[in-house]
Amino acid sequence: MAKELKALKEYLEDARKRKYALGGFCFWNYAYGMSIAQVAQKLNLPMLYIIGDAEVKFFGGEKNAVAAARTVAENVDVPVILHADHFRDFESIKRAIDAGFRSVMIDASSYPFEENVERTAAVVEYAHRAGVSVEGELGRIAGCEQKLSVDEAEAMQTDPDEAAMFVEQTGVDILALSIGTVHGEYRFPPHINIPRLQKISSRVQIPLVMHGGSGTPEDKVAEAVQYGITKLNLATDLVKIVGKATADVQQQEQFRYSVANLYAKAYEDLAKYAEHKMRLLADNIL
Ligand SMILES: [Zn+2]
158 MAKELKALKE
168 YLEDARKRKY
178 ALGGFCFWNY
188 AYGMSIAQVA
198 QKLNLPMLYI
208 IGDAEVKFFG
218 GEKNAVAAAR
228 TVAENVDVPV
238 ILHADHFRDF
248 ESIKRAIDAG
258 FRSVMIDASS
268 YPFEENVERT
278 AAVVEYAHRA
288 GVSVEGELGR
298 IAGCEQKLSV
308 DEAEAMQTDP
318 DEAAMFVEQT
328 GVDILALSIG
338 TVHGEYRFPP
348 HINIPRLQKI
358 SSRVQIPLVM
368 HGGSGTPEDK
378 VAEAVQYGIT
388 KLNLATDLVK
398 IVGKATADVQ
408 QQEQFRYSVA
418 NLYAKAYEDL
428 AKYAEHKMRL
438 LADNIL
């Protein structure tokens, strides 16, 4: 019997209570996913995958992504969570839940506050009937391609009063914040706004999430975990590791093409990276 995927809420609530965080590792392929799951197993931590629209396409649809994550779950003894990342509308979320996702993010953060509330609350109502956890987002997370001044960057960040209202009005389980991280690779040194996080954290009791974990200074990450961050999304770093490892091995003089020769180093490097991040985030309980 296939082991079921788990809902995210209870794991992040425990993380908030005990001041640790889980990495949300981008899932786009069974074998890479499995090399990270073996690390979670070794450290006895839940395996949390995040998957966006583009990666769902690589699997050939939501059902195949769910099947791949369930296969991981059959091969490890720790809980496996597959979390839909940045799904933008009700229809795509409904499709994911109907396909077996137990955890979703509705990102309506590009809409004005009222409309974000409305769209998020509609997802919460549908998801909660199916026992599915919901992450919402308030504040805009910049993309690496955007060059913003410090004032512009700050204006996009999550407002603490709005955050409290948003949680109350939507009934969302988990909240993604904008506090200075960006999606993709940093082109300039990031300023993580810890005082803002502290304010939000004192008003919002649910688990908080930081996107754009790749390249974010580790001392700031560790500090953020002390103030309620319970999930750090990691995607860009993983893709870079695979890209670099497969390119490097081909430069070796003795290199001959085979699946093992081309990919073994990538699996190994991913596992090393995952272990480093998991230990950093869950330092308090390991
Ligand atoms: Zn994100």
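Start counting the sequence shown at 158; every next residue gets the next number (the working numbering).
Every residue, glycine too, gets a C-beta built ideally from N, C-alpha and C.
For residue j and residue i, the rounded distance between their alpha carbons
| i | j | result |
| --- | --- | --- |
| residue 167 | residue 331 | 10 Å |
| residue 329 | residue 199 | 32 Å |
| residue 371 | residue 282 | 32 Å |
| residue 194 | residue 436 | 14 Å |
| residue 273 | residue 265 | 5 Å |
| residue 233 | residue 353 | 38 Å |
| residue 269 | residue 277 | 12 Å |
| residue 356 | residue 317 | 6 Å |
| residue 409 | residue 215 | 30 Å |
| residue 244 | residue 185 | 16 Å |
| residue 293 | residue 414 | 44 Å |
| residue 349 | residue 319 | 19 Å |
| residue 338 | residue 227 | 31 Å |
| residue 225 | residue 197 | 17 Å |
Classification of residue i by the beta-carbon crowding that lies within 10 angstroms, buried from 16 upward
| i | result |
| --- | --- |
| residue 382 | buried |
| residue 161 | exposed |
| residue 295 | buried |
| residue 246 | exposed |
| residue 433 | exposed |
| residue 457 | Because residue 457 is not part of the residues shown, which for the chain are 158 to 443, the question remains open. |
| residue 416 | exposed |
| residue 267 | exposed |
| residue 236 | buried |
Nonlocal neighbours in the same chain, by C-beta distance under 6 Å from residue i, ignoring five residues either side
| i | result |
| --- | --- |
| residue 387 | 169, 172, 173, 178, 364 |
| residue 395 | 183 |
| residue 221 | none |
Under 8 Å between C-beta atoms of residue i and residue j
| i | j | result |
| --- | --- | --- |
| residue 298 | residue 385 | no |
| residue 389 | residue 181 | yes |
| residue 290 | residue 259 | yes |
| residue 324 | residue 361 | yes |
| residue 287 | residue 254 | yes |
| residue 202 | residue 439 | yes |
| residue 204 | residue 238 | yes |
| residue 242 | residue 217 | no |
Contacts around residue i, its chain only, beta-carbon distance under 8 Å, and the 5 residues preceding and following it disregarded
| i | result |
| --- | --- |
| residue 147 | Because the chain is modelled from 158 through 443, residue 147 falls outside the range shown and cannot be assessed. |
| residue 398 | 423, 426, 427, 430 |
| residue 375 | 437 |
| residue 412 | 406, 418 |
| residue 403 | 419, 420, 422, 423 |
| residue 284 | 250, 254, 261, 290, 291 |
Inter-residue CB distance, residue i and residue j (contact presumed, cutoff 8 Å)
| i | j | result |
| --- | --- | --- |
| residue 219 | residue 256 | 4 Å |
| residue 187 | residue 240 | Wrong, their Cβ atoms sit about 17 Å apart, outside the cutoff. |
| residue 342 | residue 393 | 6 Å |
| residue 351 | residue 380 | 6 Å |
Residue-level contact to chain C via CB, residue i, 8 Å cutoff
| i | result |
| --- | --- |
| residue 265 | This model lacks chain C altogether; it includes just one protein chain. |
7 Å CB neighbourhood of residue i in its chain, flanking five on each side removed
| i | result |
| --- | --- |
| residue 275 | none |
| residue 192 | 424, 427, 428 |
| residue 305 | 299 |
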